[in-house]
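Protein chains in written order, with the working numbering: chain C, 11 to 151; chain U, 11 to 151.
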């Protein structure tokens, strides 16, 4: 699948850095929610879901993490380790996060509030939906 | 001056943590801009300005930093070192940031886009405006 990175302008000098993200400007959506994940044990896998509608921008503001992404056309692996590069995550992309560095802080901007109904947490169900197969309990039609 | 902290709910367990910020919910404004400052040298002082209208929420997502805040009634000092505690920064508060830890990443959510005209970068001018004194070039009336 195609990986869409956004290069973020950094402002600063040897004394320190600042990166600014503005909705509908360098962030291609309205920012309704911001979350950050941290204090992850190195061997943990997070994510393991897709969103039906959510669009997100993930930025490793500290440390590094690896993402496995799959839009149904085949998986891709991305290492996020640059606080001036964001990764755009559209809807209907299965994602898994692993290999967190001890100091990793992954910040994510999202265009919608948290909504449990937007999550697909079963990979087989994700494949059915992404390939447009109607699903009836117990039957892939 | 009075310090307004917002305790942020953390979701997670020993495998990792997540904190979620949603506009007009646990963040008391619309999020239009998110910025983060990092890679600061320990001896640097940042900030040294006030905003005429901007409201912000600052969260130390990694490491620690000290803020000196002054709303014109006298200064207060705050250490930010807990990624589950946000600091609400209203308009007309002079702020200086210093004692950054090597690993500090300070994330700030703001209710307006970046606007140079909203900044007051001269402390004497800040005191005049916060005390409601009309200012004419060279004269405090």
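Ideal placement from N, C-alpha and C gives every residue a C-beta, glycine not left out.
Neighbour-count burial assignment, residue i, 16 or more Cβ in a 10 Å radius
i: residue 41/C; result: buried
i: residue 93/U; result: buried
i: residue 67/U; result: buried
i: residue 151/C; result: With a pLDDT of only 47 at residue 151/C, under the threshold of 50, the placement of this residue in the model should not be trusted; the figure read from the coordinates follows. Result: exposed.
i: residue 17/U; result: exposed
i: residue 53/C; result: exposed
i: residue 50/C; result: buried
i: residue 73/C; result: buried
Nearest neighbour of residue i, chosen from the options [CA to CA]
i: residue 104/C; options: 123/C, 128/C and 119/C; result: 128/C
i: residue 82/C; options: 126/C, 135/C, 26/C and 123/C; result: 135/C
i: residue 48/C; options: 89/U, 71/U, 53/U and 36/U; result: 71/U
i: residue 159/U; options: 133/U, 63/U, 110/U and 109/U; result: Chain U is shown from 11 up to 151; residue 159/U falls before or after that span and cannot be answered.
i: residue 137/U; options: 102/U, 117/U, 121/U and 113/U; result: 102/U
i: residue 78/C; options: 57/C, 121/C and 123/C; result: 57/C
i: residue 55/U; options: 27/C, 114/C and 14/C; result: 27/C
Simplified DSSP assignment, three categories, for residue i
i: residue 17/C; result: strand
i: residue 151/C; result: Unreliable placement is indicated for residue 151/C, whose pLDDT of 47 sits below 50; the coordinate value is still reported in the next sentence. Coil.
i: residue 124/C; result: coil
i: residue 139/C; result: helix
9 Å Cβ cutoff met for residue i and residue j
i: residue 99/C; j: residue 65/C; result: yes
i: residue 86/C; j: residue 139/C; result: no
i: residue 45/U; j: residue 31/C; result: yes
i: residue 117/U; j: residue 69/U; result: yes
i: residue 119/U; j: residue 43/U; result: yes
Tell me the start and end of each unbroken beta strand (DSSP E) in the stretch 31 to 104 of chain C that is at least 3 residues and wholly inside, in chain order. Correct list: 43 to 48, 56 to 61, 66 to 72, 75 to 80, 85 to 90 and 95 to 99.
By the 8 Å beta-carbon criterion, what residues does the stretch 23 to 34 of chain C contribute toward chain B? Considering every chain present, this structure includes no chain B. Its protein chains are C and U.
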